[in-house]
Each structure stands twice: as C-alpha cells, then as structure tokens.
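Written below as structure tokens is the structure these notes are about.
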Amino acid sequence: MPDQVSVLFVCLGNICRSPTAEGVFRQLVTEQGMTEHLHIDSCGTGNWHIGKSPDARAMAAADRRGVDISDLRARQIKAEDLDRFDYVLVMDRQNLADVRDIWHQNGGTEPRLFLEFGESGQAEVPDPYYGGEDGFERVLDLIHEASQGLLEDIRGRLA
Ligand code: 4NP
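Heads up: the sequence shown begins at 1 in full-length UniProt numbering, then just goes up one per residue.
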C-alpha cells in the first residue's frame, strides 16, 4: 500500500487549466487533511510560457473561489515525469495525443483525461485562453467536480 500518491496535471500552456487544477485539487486535499499523502504538480506540453505566472484571468477566477495560484510557474513536461508521477492527467484530447507520444517512447504512467474522474459527461476541459471570462468559470466547475472523484480514487489506493 503506498503511503504517498503523486499527481501531475497537464495542459498546453501550463498557465490556465493545469495550474487551476493544481490549485483546486491542492485546496481540496488540504481541506481533507491529506497533504502528507499527496504530491501535486502541473506542467504544459508547450514551451511558450516556461517560467511565467498563471494567466491573470485564471488567477482572478481561482481567487474568487479562495484558491491562490499566483506562486505557480509554468514548466514543460519531460519524459521523466511519466516515471515519477502515479497519475498523469490531461485536460483535452490534444494533450492526450501529445503526452501519449512521449509515453510510447518512454513508458511509465499512461496519461488519462482528467474528466474521467468527473460526472459531467464532458471529456475535455475546454481551453479558455482565447475566450471570455465565463470560460474560466466553466474550467473551475469542471475541475472542482473531477477533483472530488480523483481524491476518492486516490483514497482507494491509500486505504
Ligand atoms: P492552457 O491554456 O493550456 O490551459 O494553459 C493556454 C495557454 C496558452 C496558449 C494556449 C492555451 N497559447 O497558445 O499560448
């Protein structure tokens, strides 16, 4: 039985969806007193925003729900991540195809769509980057719901 489980959230830029997922999931884990059992991180498949803070709209939307993601900094996925993380959870099908390419070459943890753990019936967290503010609210709703299912799954592993 593992004592700690690690979770990596992956999107394209690592400035909107995956840092939001990292922040929301970390808050849920903290509320449930499980921080010592979880290692949580996020990254992007792309390299454009390496070292940058999350998008201002993502920070503001998270902040409205009491989640501070301002100290996160973007990084790009690397092959070793698939060896280090127990869950590699992507936001959309393009992310899945991109991370699967790495997985086919490297092995390790097979990436999965994060929303498999939700009950919305939706498969993808839509990219909010080119849309309006309401896109960020939708992202938060989907992420919050899937985070609860994910934590239940992890509890099963730790039990
Ligand atoms: P994310 O959103 O993948 O949720 O971080 C995006 C951020 C940046 C870009 C696309 C999506 N971009 O094209 O720069």
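All C-beta atoms, glycine included, are put in the ideal place defined by N, C-alpha and C.
Buried versus exposed, by CB contacts within 10 Å (16 or more), residue i
i           : result
residue 91  : buried
residue 110 : exposed
residue 158 : exposed
residue 54  : buried
residue 33  : exposed
residue 116 : exposed
residue 98  : buried
residue 133 : exposed
residue 131 : exposed
residue 171 : The chain is shown from 1 up to 159; residue 171 falls before or after that span and cannot be answered.
residue 22  : buried
Beta-carbon spacing of residue i, residue j below 9 Å
i           : j           : result
residue 95  : residue 20  : no
residue 161 : residue 43  : Since the displayed the chain opens at 1 and closes at 159, residue 161 lies outside it and no answer follows.
residue 4   : residue 49  : no
residue 138 : residue 128 : yes
residue 41  : residue 67  : no
residue 149 : residue 119 : yes
residue 144 : residue 65  : yes
residue 74  : residue 52  : yes
residue 24  : residue 62  : yes
residue 87  : residue 15  : no
residue 124 : residue 93  : yes
residue 72  : residue 108 : no
residue 122 : residue 140 : no
residue 57  : residue 136 : yes
residue 28  : residue 147 : yes
residue 114 : residue 151 : no
Start-end ranges of the beta strand (DSSP E) lying completely within the UniProt domain "Phosphotyrosine protein phosphatase I" (5–153), minimum 3 residues: 5–11, 38–44 and 87–90
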